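A short worksheet on the structure shown next.
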Amino acid sequence: MKRVYIDYNATTPVRQEVVKIMQPYYSEIYGNPSSIHIFGQESRAAIEEARWKVARALNVENSEICFNSCATEGNNYALKGLAFSNYESKGHIITSLVEHNSVLQPCRYLQRFGFDVTYLEVDQYGAIDPEALRKAIRRETFLIALMYANNEVGTIQPVEKIAQIAREHNITFFTDGVQAIGKIKLDLEKLPVDIFTLSGHKIYGPKGVGAMFIRKGSKLASLLHGGGHERAHRAGTENVQGIVGLGEAVTLSLNELDSESQRINELTQHFIHRLLGEIPRTKLNGHPLNRLPGTVNISFEGISKEDLFIQLDLHGIAASSGSACSSGSIKPSHVLKAMRVKDSDNIAHVRFSLGHYSTETEVNYVVDTIQHILENNKQSVNL
Amino acid sequence: MPSKRVIVGLSGGVDSAVAAALLQKEGYEIIGISLIMGSANLTGIKDNNQYSSPESLQLARSVAEKLNFPYYTYDCSEPFRREVIQPFIRAYRRATTPNPCLLCNPYFKWKALLSAAKKHNAFWVATGHYSRVIYDSQSQLFQLWRGRDPQKDQSYFLYRLNQKQLQHTIFPVGRYKKRDIIQLALKLNIPQSAAKESQDLCFLPDTSLKAFLKQELPPSLFKNGYILDTNGKILGQHEGLLNYTIGQRKGLGVSMGQPFYVISLNQKENTVIIGPESELYRKEFIIDKCSWISGEPPLSQFDCQVKIRYKHDAAPARLEPQGNSTCKIIFESPQKAITPGQSAVCYKDQILLGGGFIVPYSDY
Numbered sequence: 005m006k007r008v009y010i011d012y013n014a015t016t017p018v019r020q021e022v023v024k025i026m027q028p029y030y031s032e033i034y035g036n037p038s039s040i041h042i043f044g045q046e047s048r049a050a051i052e053e054a055r056w057k058v059a060r061a062l063n064v065e066n067s068e069i070c071f072n073s074c075a076t077e078g079n080n081y082a083l084k085g086l087a088f089s090n091y092e093s094k095g096h097i098i099t100s101l102v103e104h105n106s107v108l109q110p111c112r113y114l115q116r117f118g119f120d121v122t123y124l125e126v127d128q129y130g131a132i133d134p135e136a137l138r139k140a141i142r143r144e145t146f147l148i149a150l151m152y153a154n155n156e157v158g159t160i161q162p163v164e165k166i167a168q169i170a171r172e173h174n175i176t177f178f179t180d181g182v183q184a185i186g187k188i189k190l191d192l193e194k195l196p197v198d199i200f201t202l203s204g205h206k207i208y209g210p211k212g213v214g215a216m217f218i219r220k221g222s223k224l225a226s227l228l229h230g231g232g233h234e235r236a237h238r239a240g241t242e243n244v245q246g247i248v249g250l251g252e253a254v255t256l257s258l259n260e261l262d263s264e265s266q267r268i269n270e271l272t273q274h275f276i277h278r279l280l281g282e283i284p285r286t287k288l289n290g291h292p293l294n295r296l297p298g299t300v301n302i303s304f305e306g307i308s309k310e311d312l313f314i315q316l317d318l319h320g321i322a323a324s325s326g327s328a329c330s331s332g333s334i335k336p337s338h339v340l341k342a343m344r345v346k347d348s349d350n351i352a353h354v355r356f357s358l359g360h361y362s363t364e365t366e367v368n369y370v371v372d373t374i375q376h377i378l379e380n381n382k383q384s385v386n387l
Numbered sequence: 045m046p047s048k049r050v051i052v053g054l055s056g057g058v059d060s061a062v063a064a065a066l067l068q069k070e071g072y073e074i075i076g077i078s079l080i081m082g083s084a085n086l087t088g089i090k091d092n093n094q095y096s097s098p099e100s101l102q103l104a105r106s107v108a109e110k111l112n113f114p115y116y117t118y119d120c121s122e123p124f125r126r127e128v129i130q131p132f133i134r135a136y137r138r139a140t141t142p143n144p145c146l147l148c149n150p151y152f153k154w155k156a157l158l159s160a161a162k163k164h165n166a167f168w169v170a171t172g173h174y175s176r177v178i179y180d181s182q183s184q185l186f187q188l189w190r191g192r193d194p195q196k197d198q199s200y201f202l203y204r205l206n207q208k209q210l211q212h213t214i215f216p217v218g219r220y221k222k223r224d225i226i227q228l229a230l231k232l233n234i235p236q237s238a239a240k241e242s243q244d245l246c247f248l249p250d251t252s253l254k255a256f257l258k259q260e261l262p263p264s265l266f267k268n269g270y271i272l273d274t275n276g277k278i279l280g281q282h283e284g285l286l287n288y289t290i291g292q293r294k295g296l297g298v299s300m301g302q303p304f305y306v307i308s309l310n311q312k313e314n315t316v317i318i319g320p321e322s323e324l325y326r327k328e329f330i331i332d333k334c335s336w337i338s339g340e341p342p343l344s345q346f347d348c349q350v351k352i353r354y355k356h357d358a359a360p361a362r363l364e365p366q367g368n369s370t371c372k373i374i375f376e377s378p379q380k381a382i383t384p385g386q387s388a389v390c391y392k393d394q395i396l397l398g399g400g401f402i403v404p405y406s407d408y
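First to last, the protein sequences are chains Y and X. First residue of the first sequence? That's 5 in the working numbering, and the numbers climb one at a time after it. First residue of the second sequence? That's 45 in the working numbering, and the numbers climb one at a time after it.
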């Protein structure tokens with residue numbers, strides 16, 4: 005059966021160049037980076053080179069990059085680390101309803117400790133209103149946590165305005181940049197963001213490794229205490245091969261950013277035009293222009309979520325149809341809910357996300373197959 | 045030639061798993077489906093329905109992984125509530141004793157599985173029931189047969205299926221004995237649930253029926269009333285009709301010289317009638333809302349064997365049609381605890397003909 009992977013926002017395959025550069029760090033170069041002998045020094049050097057690569061990609065200083073296990077960890081650290089370093093004064097955090105769960109859940113957790121959290125609403129495209137943010141700020145607000153770009157609908161938040169407002173009020177601005185890196189140009193020196201998180205496996209690097217930018221002078225209480233690794237941000241022997249792979253993946257994405265984002269953007273436009281033009285009762289979710297290249301979230305009317313999801317899978321198409329909750333049923337995501345996207349048992353929302361290996365043949369196959377599925381579905385309803 | 049694609053309803057249990065394995069061996073293309081049914085418990089846990097608890101779904105999924113076929117779940121908690129749980133509650137409102145499986149199969153499970161089959165271009169649906177569908181070329185009708193294992197036969201639960209449903213149905217395990225299925229499961233290394241095989245009410249896994257009904261039904265149904273003997277003599281007080289079922293012996297709170305049983309419930313008078321075991325036996329009763337496998341109700345009386353609940357050995361009887369969908373059944377010899385709300389199902393030896401719901405005696 006033909007198989008089409010069109011779920012790159014979920015994860016990506018590791019690129020061969022990345023696999024190759026990681027290879028020696030399993031059995032040949034294996035010293036503990038904290039050891040002072042030559043074995044340790046070799047590993048240490050590899051980590052520092054990777055740190056330099058990530059710092060260069062974000063245009064920040066080496067010492068401002070901290071490696072960890074994934075963006076979920078980074079997001080937890082940003083929120084809890086900042087909150088617990090201000091534990092006595094408690095205080096107020098501003099975030100939004102469309103954040104990833106690795107931001108929302110730590111916020112809910114912090115509420116149990118007496119921190120106050122404002123969840124900003126979004127417009128129909130999933131964007132927050134900078135003026136609403138300004139109004140939500142209080143004297144005790146110490147953190148603004150808003151994502152760079154949304155993983156489900158691709159809408160890019162007005163980060164520059166957000167950063168500016170944060171700076172004006174002298175509030176730390178933390179942004180979850182998982183979906184932004186490798187897809188849009190980033191310059192954190194110019195953009196006054198204080199904490200930025202990213203993950204290896206979304207940019208053709210390995211799973212289980214991530215990195216975060218922490219602006220000099222930010223004070224975060226560590227989540228993992230121990231040997232004081234990573235400038236005491238995170239104890240634990242470093243995932244050397246993963247960090248090496250992440251460094252290479254970041255470099256590749258930086259080098260190819262212009263050509264790649266243009267190619268994927270064109271492919272995405274073609275895909276969207278065919279989907280909306282040829283299939284009746286479809287709607288694109290997310291901002292029409294201010295969006296990530298590659299993320300295409302579509303509502304299909306006239307078919308149930310389960311039916312479309314199963315049919316796509318039976319046709320070998322791997323897209324994301326929302327996540328199954330513990331009971332196994334498919335519910336519309338909190339993001340679409342916050343955007344007040346129309347929903348019923350007879351509407352299916354699918355997130356397609358294109359990436360490095362997506363081709364025109366593939367997206368055409370997806371459109372043709374969906375047409376076929378919907379046609380079939382209509383007939384079966386009329387039986 | 046119909047397609048060889050089949051939707052197999054997986055419960056996480058061993059029977060449906062082996063059903064899938066058997067069909068796969070015969071060259072069918074399997075799509076495994078579990079229906080999320082929801083539960084009605086009072087603990088606030090959302091879905092711990094016996095057949096769609098996270099553990100059951102995990103078991104079903106591991107069967108699909110083992111046999112390497114696609115597996116999906118459908119959230120059907122709303123239809124399940126509408127078609128199964130609500131009628132169940134309504135039956136208690138009439139002081140009868142329902143059997144929810146009898147409604148679940150035709151009006152919920154087959155509806156959902158056949159709709160999935162249509163959607164996914166499958167001609168067939170299959171489950172792990174111990175029963176058989178056999179096409180009779182003479183009458184050009186599909187017949188429902190008992191499962192080959194008399195101990196395990198589950199055809200009773202399927203008596204309300206119709207021709208349209210049977211036409212698409214395969215019961216792969218119905219041709220086997222339960223112990224052969226267990227052997228097959230072991231041979232195929234199919235993971236088996238540690239939980240007990242089945243329980244009475246899948247949607248009330250950890251709530252007592254009494255507590256559930258108390259929540260769902262008006263307090264008037266729990267009003268105290270008199271306990272009478274069959275001559276109308278007051279023997280004591282009861283604590284609401286819903287606390288009693290026919291044949292019940294314990295908890296009557298009256299002491300006679302011999303064991304007394306609940307003989308019948310009279311909702312109009314709010315009385316519980318009790319008596320010695322001998323009075324539990326009846327020869328005649330009425331069934332209504334009958335359903336016939338052939339789709340055609342019988343026009344004249346005939347002899348058959350009748351089963352009055354799942355665990356009852358079908359006994360010889362004569363069935364007399366009485367108007368539209370009502371029949372009178374007369375057993376050759378009296379049977380114990382014929383309970384209103386339960387179904388009486390008629391067989392001609394191995395073949396299930398149809399049946400209906402036992403009508404409360406006070407409605408005669």
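Glycine included, C-beta positions come from ideal geometry on N, C-alpha and C. Bear in mind that the values here come from a model prediction, so they are computed numbers and not experimental data.
Given that a residue counts as buried once 16 or more other Cβ atoms are within 10 Å of its Cβ, and exposed if not, what is Ser331 of chain Y?
Any reading at Ser331 of chain Y must be qualified, since the residue scores a pLDDT of 47, below 50, and its modelled position is unreliable; the value itself is stated next. Buried.
By the 10 Å Cβ neighbour count, where 16 or more other Cβ atoms means buried, how is Thr140 of chain X classified, buried or exposed?
Answer is buried; the Cβ neighbour count reaches 16.
Is it right to say Arg247 of chain X is buried, meaning 16 or more other beta carbons lie within 10 angstroms of its own, or is it exposed?
What sits at residue 247 of chain X in the sequence shown is Phe, not Arg. Classification for Phe247 of chain X: buried.
Sequence-distant residues of the same chain with beta carbon closer than 6 Å to Ile141 of chain Y, five excluded per side
His173
According to DSSP, residues forming a beta bridge with Ala322 of chain Y
Y:Tyr9
Give, in chain order, every residue of the region 164 to 179 of chain X whose Cβ lies closer than 8 Å to some Cβ of chain Y.
His164 and Asn165
Which chain Y residues sit within Cβ distance under 8 Å of Tyr116 of chain X?
Glu310, Phe313, Ile314 and Asp317
Cα separation between Leu258 of chain Y and Glu164 of chain Y?
21 Å
Euclidean distance between Cα positions of Leu157 of chain X and Gly367 of chain X
33 Å
Do the CB positions of Tyr208 of chain Y and Val18 of chain Y come within less than 8 Å of each other?
yes
Whole angstroms is fine: what's the gap from Lys221 of chain X's alpha carbon to His376 of chain Y's?
Whole-angstrom Cα-Cα distance: 43 Å.
Short check: CB of Leu147 of chain Y to CB of Thr179 of chain Y, under 8 Å?
If you check the CB distance, Leu147 of chain Y and Thr179 of chain Y do not come in under 8 Å.
Within 8 Å of any Cβ in chain X, is that where the Cβ of Asn381 of chain Y sits?
yes
Three-state secondary structure (DSSP) of Gly319 of chain X:
strand
Meets three-Cβ-pair contact criterion under 8 Å: the region 45 to 55 of chain Y and the region 192 to 200 of chain Y:
Judged by Cβ distances under 8 Å, the region 45 to 55 of chain Y makes no contact with the region 192 to 200 of chain Y, as fewer than three pairs qualify.
Kindly indicate which three-state DSSP category Ser357 of chain Y falls into: helix, strand or coil?
strand
Sequence-distant residues of the same chain with beta carbon closer than 6 Å to Asn92 of chain X, five excluded per side
Counting only Cβ-Cβ distances below 6 Å, and skipping sequence neighbours, we find Ser83 and Pro249.
Whole-angstrom Cβ separation of Val339 of chain Y and Val102 of chain Y, contact assumed at under 8 Å?
Right, their Cβ atoms sit about 5 Å apart.
Could you say which of Y:Ile40, Y:Val182 and Y:Asp127 lies nearest to Ile199 of chain Y if we only look at CA atoms?
Answer by Cα proximity: Y:Val182.
Using the Cα positions of Ala61 of chain Y and His205 of chain Y, report the straight-line distance between them to the nearest angstrom.
16 Å
Could you check if Gln315 of chain Y is buried or exposed, using at least 16 other CB atoms within 10 Å of its CB as the buried criterion?
buried
For Tyr152 of chain Y, which three-state DSSP category applies?
coil
For a test of the three-state rule: what should DSSP assign to Met300 of chain X, helix, strand or coil?
coil
Contact the region 207 to 220 of chain X vs the region 158 to 175 of chain X: 3+ CB pairs below 8 Å
yes
What residue range does the alpha helix (DSSP H) around Val339 of chain Y cover?
His338 to Ala342
In angstroms with no decimal places, state the Cα-to-Cα distance between His96 of chain Y and Leu108 of chain Y.
14 Å
So Lys309 of chain Y and Ser325 of chain Y are supposed to be a Cβ contact under 8 Å. How far apart are they, rounded?
6 Å
With a threshold of 16 other CB atoms inside 10 Å of the CB of Pro194 of chain X, please say whether the residue is buried or exposed.
With fewer than 16 neighbouring CB atoms inside 10 Å of its own CB, Pro194 of chain X falls in the exposed class.
Evaluate contact between the region 83 to 91 of chain Y and the region 251 to 268 of chain Y, counting only Cβ atoms and requiring at least three cross-stretch pairs below 8 Å.
Using a C-beta cut-off of 8 Å, the region 83 to 91 of chain Y makes no contact with the region 251 to 268 of chain Y, since fewer than three inter-stretch Cβ pairs fall below that distance.
Measure the C-alpha to C-alpha separation of Gly56 of chain X and Pro162 of chain Y and round it to an integer number of angstroms.
Cα to Cα, Gly56 of chain X sits roughly 48 Å from Pro162 of chain Y.
Where does Ile283 of chain Y sit, in a helix, a strand or coil, going by DSSP?
It is coil, neither helix nor strand.
Who are the Cβ neighbours of Gly85 of chain Y in its own chain at under 6 Å, not counting the five residues just before and after it?
Leu224 and Ala225
Rounded distance between the beta-carbons of Ala342 of chain Y and Val126 of chain Y, thought under 8 Å
5 Å
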